[in-house]
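> I have a structure I would like to understand better, so I am pasting it below and will then ask my questions one at a time.
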Amino acid sequence: MPTLALINQKGGVGKTTVTLGLASIAQSRGNACCVIDIDPQANATSGLGVWEPKMTIDRLLSEDHVGSAATAMTPSLWPNDSGPVPMVLASRGELAAIEQQLLVDPVGGQDRLARVLQGIAPSIRFIDCPPSLGLLSVNALFAADRVAVVTEPSAWATDAVAQILSTVARINERRSVPLEMSGIVVNRLGRTRDARYWHEHLVEAYPTLCLPPIHLRAAVAEASAQSLPLMALGARPGTSEAVDEFSVVYDKLVSARAEDQQESRHEL
Ligand SMILES: Nc1ncnc2c1ncn2[C@@H]1O[C@H](COP(=O)(O)OP(=O)(O)O)[C@@H](O)[C@H]1O
Ligand SMILES: [Mg+2]
27 MPTLALINQK GGVGKTTVTL GLASIAQSRG NACCVIDIDP QANATSGLGV
77 WEPKMTIDRL LSEDHVGSAA TAMTPSLWPN DSGPVPMVLA SRGELAAIEQ
127 QLLVDPVGGQ DRLARVLQGI APSIRFIDCP PSLGLLSVNA LFAADRVAVV
177 TEPSAWATDA VAQILSTVAR INERRSVPLE MSGIVVNRLG RTRDARYWHE
227 HLVEAYPTLC LPPIHLRAAV AEASAQSLPL MALGARPGTS EAVDEFSVVY
277 DKLVSARAED QQESRHEL
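What follows is the structure, given as structure tokens:
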């Protein structure tokens, strides 16, 4: 079962939205998944309708007990009559202070998340990262086995992606099994000439890593704001198109084929 980190050092590009979109697809397909929210802003936690978590990730990282996440997950309040809802390793603002604590740990600052996740029940795992390449994101990269970059099609996006790829390469020098770079999710693609231009720029720079894009649509933002899975918006215009786009990205990221991965490696 994959553990996928969704990363970008920039805020507002859609890491949380894409995490929630992928969790929506997992739920609609009856696949068990869990969302690990390692952003102190806790947007994935609230997007999954978790308001009173029984345990939060800052405490787990601070206590540093191997496998402690196994009993710390809270079920999402997303409606679902026919299968499992996503489980959530919830975040809260206090997580910001933990980064300082990790910085002064001489041995375990990088892999505490990997340690607390050890031995948890098998399911697809999505890790929603904070908007920085600091120690919380580094912990996500040590806990994951694959990573996807989420970006907007905007100026400097290509530079930001290059910086993440170089961070991943440095992490891989320290891992026994390298992280797979599963792809670049170009999100919030609008219909302006500017958006098209920067999208083409990204695709030119990373032709095999760039996945089919996700367009800017009010329905996508509404689902997160209402703490609902995408499909629950039903007849809202744009919902079924958004579901189709997230489905394609889900297939590429969660069930990516070995030969695709092989091809993408050439761009690293
Ligand atoms: N495809 C999309 N269509 C419409 N709005 C989007 C889309 N992706 C993200 N947004 C909106 O953009 C804002 C930033 O997205 P978010 O997922 O919180 O970014 P990040 O997690 O990278 O900081 C949110 O208000 C979100 O609802
Ligand atoms: Mg976010």
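The C-terminal residue of the sequence shown carries number 294 in this note's numbering, and the numbering is unbroken.
For glycine and all other residues, C-beta sits at the position ideal for the given N, C-alpha and C.
Look at Asn-34 and Val-142 and say whether their C-beta atoms are less than 8 angstroms apart.
No, the pair does not count as a contact, with Cβ atoms beyond the cut-off.
> Just how far apart, CA to CA, sit Leu-205 and Arg-219?
Taking the straight line joining both Cα atoms gives about 35 angstroms.
> Since Ala-245 contacts Ala-268 with CB under 8 angstroms, what's their CB separation in whole angstroms?
About 6 angstroms; that satisfies the 8 angstroms criterion.
> Using a Cβ-Cβ cutoff of less than 6 angstroms, which residues in the same chain neighbour Pro-263 once the five nearest sequence positions on both sides are dropped?
Same-chain partners within the cutoff: there are none.
> Should Val-274 be counted as a contact of ligand 1 given a C-beta to heavy atom distance under 7 angstroms?
Not under cutoff, so the answer is no.
> For Ala-52 versus Asp-63, is the C-beta distance shorter than 8 angstroms?
Contact flag unset, no.
> For the alpha helix (DSSP H) containing Arg-138, list its first residue and its last residue.
Where Arg-138 is concerned, the enclosing alpha helix (DSSP H) stretches over 138-143.
> Hey, out of Pro-156, Trp-104, Ala-68 and Leu-254, whose CA is closest to Gly-37's CA?
That would be Pro-156, whose Cα lies nearest to the Cα of Gly-37.
> What separation, rounded to the nearest whole angstrom, lies between the Cα atoms of Trp-182 and Lys-41?
Taking the straight line from one Cα to the other gives about 17 angstroms.
> Taking 7 angstroms as the cut-off, is the beta-carbon of Lys-41 closer than that to any non-hydrogen atom of ligand 2?
Flag set: Cβ of Lys-41 near ligand 2.
> Compare the C-alpha of Val-111 against each of Leu-32, Ala-251 and Leu-48 and name the closest.
When only C-alpha atoms are compared, the closest one is Leu-48.
> Any heavy atom of ligand 1 closer than 7 angstroms to the CB of Leu-205?
Checking every heavy atom of ligand 1 against the Cβ of Leu-205, none is found closer than 7 angstroms.
> Among Val-212, Asp-65, Val-130 and Ala-221, whose alpha-carbon lies nearest the alpha-carbon of Ala-166?
Ranking Val-212, Asp-65, Val-130 and Ala-221 by Cα distance to Ala-166 puts Asp-65 first.
> So the candidates are Gly-93, Arg-118 and Met-81; which of them puts its Cα closest to the Cα of Thr-100?
The residue with the shortest Cα to Cα distance from Thr-100 is Met-81.
> Taking 6 angstroms as the limit between beta carbons, can you name the residues of its chain near Arg-172, skipping five residues before and five after?
Within the same chain, Arg-172 has close Cβ partners Pro-28, Leu-30, Glu-206 and Ser-208.
> In this structure, does DSSP put Ala-183 in helix, strand or coil?
It is helical.
> Can you tell me where the beta strand (DSSP E) holding Asp-63 begins and where it ends?
Looking at the DSSP string, the run of the beta strand (DSSP E) that includes Asp-63 is 59-63.
> In chain order, what residues of the same chain have a beta carbon less than 6 angstroms from the beta carbon of Ala-162, not counting five sequence neighbours either side?
It is worth fixing the name first, because residue 162 is Leu in this sequence and not Ala. Here the set comprises Ile-64, Glu-125 and Pro-156.
> Smallest Cα separation from Val-203: which of Pro-233, Ala-169, Asp-185 and Ala-188?
Comparing Cα positions, the closest option is Ala-169.
> Buried or exposed: where does Leu-223 fall if 16 or more other Cβ atoms within 10 Å of its Cβ makes it buried?
What sits at residue 223 in the sequence shown is Tyr, not Leu. Counting Cβ neighbours within 10 Å, Tyr-223 comes out exposed, since fewer than 16 surround it.
> Taking 7 angstroms as the line, does the beta carbon of Gln-67 fall inside it for any heavy atom of ligand 2?
Answer for Gln-67: yes, Cβ within range of ligand 2.
> Given a cut-off of 8 angstroms, decide if Leu-228 and Val-211 are closer than it, judged by their beta-carbon atoms.
No; because the gap between Cβ atoms is not below 8 angstroms, this pair is not in contact.
> Distance check for Pro-233 and Glu-285, CA to CA, integer angstroms please.
At Glu-285, the pLDDT of 48 sits below 50, so the modelled position is not reliable; the number obtained from the coordinates is stated separately. Going by the C-alpha atoms only, they are around 15 angstroms apart.
> Compute the Euclidean distance between the alpha carbons of Leu-129 and Asp-84, then round it to the nearest angstrom.
Each residue's alpha carbon lies about 14 angstroms from the other.
> Going by Cα to Cα distance, which pick from Gln-136, Pro-148, Leu-159 and Ala-258 is closest to Ser-192?
Of Gln-136, Pro-148, Leu-159 and Ala-258, the residue nearest in Cα terms is Leu-159.
> Does the distance from the CB of Trp-104 to the CB of Leu-254 come in under 8 angstroms?
Cβ atoms of Trp-104 and Leu-254: closer than 8 angstroms.
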